[in-house]
Amino acid sequence: MMIHRFDPFFAGDSRATTRRYFLAADAYRIDDMFYLEIDAPGVQLEDIDIEVEKKNLTVTVERRELADENRTDIVRGRPTGAFVRSFFLGDGLDGERVEAAYDNGILTLSIPVNEAAKARKIAIRTGSAPKIES
Numbered sequence: 004m005m006i007h008r009f010d011p012f013f014a015g016d017s018r019a020t021t022r023r024y025f026l027a028a029d030a031y032r033i034d035d036m037f038y039l040e041i042d043a044p045g046v047q048l049e050d051i052d053i054e055v056e057k058k059n060l061t062v063t064v065e066r067r068e069l070a071d072e073n074r075t076d077i078v079r080g081r082p083t084g085a086f087v088r089s090f091f092l093g094d095g096l097d098g099e100r101v102e103a104a105y106d107n108g109i110l111t112l113s114i115p116v117n118e119a120a121k122a123r124k125i126a127i128r129t130g131s132a133p134k135i136e137s
């Protein structure tokens with residue numbers, strides 16, 4: 004006869020399973036600024052690292068395991084450890100001026116558009132186009 008441990012929160016097999024954790028992110032643009040919003044709930048500010056090297060922006064988040072000797076885990080669904088996500092910054096983005104804010108478990112990165120990549124109006128003259136000499 005086999006004895007199974009009762010698990011009130013899980014209807015299936017209560018054996019531990021390995022899951023892959025991914026830093027979920029949204030990217031969007033407002034005017035001349037790009038934004039990355041990265042989910043990092045339950046993480047302390049000192050456990051977040053952001054680096055820009057050349058055109059790569061890398062975010063590392065470490066979620067630490069709660070240390071409590073009186074605690075008996077029944078289900079562990081929130082992963083712990085270090086998680087990394089990298090983003091390639093194209094020529095149109097200014098990696099030197101990235102700013103970061105962390106609020107309510109969401110890390111928001113603001114990345115300005117390079118001046119050279121911004122849209123600009125081209126004036127139209129009347130008459131013929133100037134000749135380009137070769």
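First residue of the sequence shown? That's 4 in our numbering, and the numbers climb one at a time after it. Where is the CB? At the ideal position from N, CA and C, for every residue including glycine. Note that the structure is a prediction, hence the values are computed from the model and not measured.
7 Å CB neighbourhood of residue i in its chain, flanking five on each side removed
i      : result
Ile51  : Ala43, Val64, Tyr105 and Leu110
Ser131 : none
Phe90  : Leu39 and Leu60
Beta-carbon proximity check, residue i vs residue j, cutoff 8 Å
i      : j      : result
Leu96  : Phe37  : yes
Leu60  : Gly108 : no
Lys124 : Leu92  : no
Ile53  : Ala103 : yes
Arg81  : Val62  : no
Close beta carbons around residue i, own chain, < 8 Å, minus the five adjacent residues each side
i     : result
Thr83 : Arg66, Arg67 and Glu68
Ile48 : Reading off the sequence shown, one finds Leu at residue 48, where the question assumed Ile. Within the same chain, Leu48 has close Cβ partners Tyr105.
Beta-carbon proximity list for residue i, same chain, < 6 Å, skipping 5 on both sides
i      : result
Ala119 : none
Ala28  : Leu39 and Ile41
Pro115 : Met36, Asp97 and Arg100
Tyr31  : Tyr38
Asn117 : Gly95 and Asp97
Asp71  : none
Distance between beta carbons of residue j and residue i, contact taken as under 8 Å
i     : j      : result
Val55 : Val101 : 6 Å
CB contact below 8 Å: residue i versus chain B
i     : result
Phe25 : Looking for chain B here will not work: only one protein chain is present.
The ligand SAM heavy atom lying under 7 Å from the CB of residue i
i     : result
Ile77 : No copy of the ligand SAM appears in this structure; indeed no ligand is present at all.
| message | To test your reading of the DSSP string, which unbroken beta strand (DSSP E) runs of 3 or more residues are found completely within the segment 66-92? | response | Runs found: 84-91.
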